[in-house]
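First comes the structure, then the notes that go with it.
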Amino acid sequence: SHMFNLDFMGRAGSDWQAVSDTEIVPVAVVFGITRLDREGGGPGKLPRFDWLFPALNRGEIVFDAETDLAAEASQRFFLETCSQLEEVACTADICVGGKLKRSDQKVFCIVTELVEYYNVFILGNVTHPAKATTVPPDLFYSVVQRFATENQASSPLSARRLIFGTTLGVDADVKRVNWAAIVMPTALPNPTPNRDARLAFDELEAWIAKRREAAPASCKTFFQTDTLSFG
Numbered sequence: 085s086h087m088f089n090l091d092f093m094g095r096a097g098s099d100w101q102a103v104s105d106t107e108i109v110p111v112a113v114v115f116g117i118t119r120l121d122r123e124g125g126g127p128g129k130l131p132r133f134d135w136l137f138p139a140l141n142r143g144e145i146v147f148d149a150e151t152d153l154a155a156e157a158s159q160r161f162f163l164e165t166c167s168q169l170e171e172v173a174c175t176a177d178i179c180v181g182g183k184l185k186r187s188d189q190k191v192f193c194i195v196t197e198l199v200e201y202y203n204v205f206i207l208g209n210v211t212h213p214a215k216a217t218t219v220p221p222d223l224f225y226s227v228v229q230r231f232a233t234e235n236q237a238s239s240p241l242s243a244r245r246l247i248f249g250t251t252l253g254v255d256a257d258v259k260r261v262n263w264a265a266i267v268m269p270t271a272l273p274n275p276t277p278n279r280d281a282r283l284a285f286d287e288l289e290a291w292i293a294k295r296r297e298a299a300p301a302s303c304k305t306f307f308q309t310d311t312l313s314f315g
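The opening residue of the sequence shown carries number 85 in this note's numbering; numbering runs sequentially from there.
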């Protein structure tokens, strides 16, 4: 009908001009988590994981006690990893332009955000050439707390701060980072059949393995996932 065609053409012209963010596969490189404890049992513990009822207990996260994101070596390694993810190669046919990252988006790096916040809102160094390249370890957790709670309505960081809770996990006292994640939008469409995505993720795994070899002890535990969920 005429009304159907009008509606269809309207949606085709406005809603389907580009691929939405929900139609691509995001990848997260997660630091600080060693495994999931699915044995259960014991005082205060969840019941044993049951494959027949996975939603009842997916397991308890076991954090790496050696991970220390506040350490300068960890921050530098984290920042280098963010930068290198921008250029990670992908030779699979499904990748575009020979890179795994989607070309029109950037890797979200929480440590970059913290360093920028420290420079702009604590040091006041907006354009100063001697800007800090990391957050001083002794100030790291106070910067994290301010970054997460202050309302800088006019700040260009405001919108990006909304993703804070899905990229950094701290303890209740904000004295330790339990885990941190780098989020990268990939060139892979969602859904991508496993047979097509396998080569791309094999190449990413090889890159992750090389990064582990170069990692400091305070930032050595990390993995990649395309199914990271927070709840």
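Beta carbons are placed, not taken as given, at the ideal position from N, Cα and C, and that holds for glycine.
For T309, the enclosing beta strand (DSSP E) starts and ends at 306–309. Under the DSSP definition of a beta bridge, K183 partners with A173, V180. For F224 against A299, the beta-carbon gap comes to about 18 Å, at or over 8 Å, which does not count as contact.
Membership of R119 in any alpha helix (DSSP H) is not indicated; the residue belongs instead to the beta strand (DSSP E) covering 117–121.
With contacts defined as CB atoms closer than 7 Å, D280 and I178 qualify as a contacting pair.
Under the DSSP assignment, L272 falls in the beta strand (DSSP E) whose first and last residues are 261–273. DSSP places V254 outside any alpha helix (DSSP H); the residue lies instead in the beta strand (DSSP E), whose first and last residues are 252–254.
With respect to the 7 Å criterion, S158 and S302 are classified as neighbours on the basis of their beta carbons. D148 places its beta carbon less than 7 Å from that of T118. Membership of F147 in the beta strand (DSSP E) is indicated by the continuous run 144–147. The residues P273, N274, in chain order, have a CB closer than 8 Å to that of E107 in the same chain once the five nearest residues on each side in sequence are set aside. With contacts defined by Cβ atoms closer than 7 Å, C174 and K183 form a contacting pair. When secondary structure is reduced to three states using DSSP, V219 falls in the coil class, being assigned neither helix nor strand.
The beta carbon of P269 sits closer than 6 Å to the beta carbons of I108, P110, R186, Q189 from its chain, once the five residues preceding and following it are set aside; these are given in chain order. Each residue's CA atom was taken as its position, placing T218 and V267 some 19 Å apart.
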